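Peer 1: Shown below is the structure under consideration.
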Ligand SMILES: [Fe+2]
Ligand SMILES: [Fe+2]
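Numbering (the working numbering), first residue to last: 620 to 826.
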């Protein structure tokens, strides 16, 4: 048990402090922005990517929390695959923020801790609700990525390509959770999750 705890703390610190490397190449690698972005556009796009980066920090923590108490081998494999894809997202967001001269959120350690706890609790309560929670999270992330796509200036082809690929992956994660038997969460829990995610996105946009 102590070994697993040390391993988790190590993973958390690495996620929060080390620039992660992606397994897949960045989706915008062959694209150039034909027009340069204004400094205001850069600043704004960096903020949207900061929100997405924090979302990926939450996703990592959520998956790690769920894996920590999970005993089902089949679910474990799927969670590991999705968690690795989320690591790509984390790395893509991080490097794009840097290119746009932005910074990541100072709230990330707090968000990691909160999401890890939620993932652990969901995993302990019930396997099917755990998957339901995951599927709902992925659904909500996809919809906020869609919302960001409508706000990013169309000339920023690079940021758009990254967000589009992330959205595709999140939709796949949602389907995979459903195919493993995710139960639909009660409406009031979906509501609470929506309000929490709103709070997360509005605070990380600023801090
Ligand atoms: Fe993601
Ligand atoms: Fe995802």
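Beta carbons are placed, not taken as given, at the ideal position from N, Cα and C, and that holds for glycine. Quantities reported herein were computed from a predicted structural model and do not represent experimental measurements.
(1) Quick check: residue 681 and residue 738, are their CB atoms within less than 9 Å of each other?
(2) Would residue 815 and residue 763 qualify as a contact pair, given that the criterion is a beta-carbon distance under 9 Å?
(3) Residue 774 and residue 663: beta carbons closer than 9 Å?
(4) May I have all residues whose beta carbon comes closer than 7 Å to any heavy atom of ligand 1, sorted in chain order?
(5) Measuring only from the beta carbon, is residue 803 closer than 8 Å to any heavy atom that is part of ligand 2?
(6) Rounded to whole angstroms, what's the CA-CA distance from residue 643 to residue 754? Just pull it up for me.
(7) Who are the near neighbours of residue 649 in its chain, counting only those whose CB is closer than 8 Å to its CB and skipping five residues on each side?
(8) Please give me, in chain order, every unbroken run of the beta strand (DSSP E) with length at least 3 that falls completely inside the segment 659 to 728.
(9) Closest by CA to residue 723, which one among 729, 730, 713?
(10) Look at the alpha carbon of residue 779 and the alpha carbon of residue 768, and state the distance between them as a whole number of angstroms.
(11) Could you work out which residue in 824, 668, 631, 660 is closest to residue 783 when comparing CA atoms only?
(12) Closer than 8 Å: is that where the CB of residue 792 sits relative to any heavy atom of ligand 2?
(13) By DSSP, does residue 649 sit in helix, in strand, or in coil?
(14) Under DSSP, the alpha helix (DSSP H) around residue 756 begins and ends at which residues?
(15) With 16 other CB atoms within 10 Å as the buried threshold, where does residue 671 fall?
(16) Please classify residue 750 as buried or exposed, where buried requires at least 16 other C-beta atoms within 10 Å of its C-beta.
(17) Any chance the CB of residue 701 is under 8 Å from a heavy atom of ligand 2?
(18) Closer than 8 Å by C-beta to residue 654: which residues in its own chain qualify, once you throw out the five before and the five after it? Chain order, please.
Peer 2: According to the structure data:
(1) Residue 681 places its beta carbon less than 9 Å from that of residue 738.
(2) At a Cβ-Cβ threshold of 9 Å, residue 815 and residue 763 do not count as neighbours.
(3) The Cβ-Cβ distance between residue 774 and residue 663 does not fall below 9 Å.
(4) The filter returns 674, 675, 678, 704, 705, 708, 760, 785, 788, 789, in chain order.
(5) Answer for residue 803: no, Cβ out of range of ligand 2.
(6) So the alpha carbons of these two residues sit roughly 23 Å apart.
(7) Taken in chain order, the list of residues that qualify is empty.
(8) Those beta strand (DSSP E) runs which fall completely within the segment 659 to 728 and span 3+ residues do not exist here.
(9) Ranking 729, 730, 713 by Cα distance to residue 723 puts 713 first.
(10) About 7 Å.
(11) Considering only alpha carbons, the answer is 668.
(12) Because some heavy atom of ligand 2 lies under 8 Å away, the Cβ of residue 792 counts as near it: yes.
(13) Coil, per DSSP.
(14) Residues 746 to 770.
(15) Counting Cβ neighbours within 10 Å, residue 671 comes out buried, since at least 16 surround it.
(16) It counts as buried.
(17) At least one heavy atom of ligand 2 is nearer than 8 Å to the Cβ of residue 701, so yes.
(18) Excluding positions up to five away in sequence, the list reads 774.
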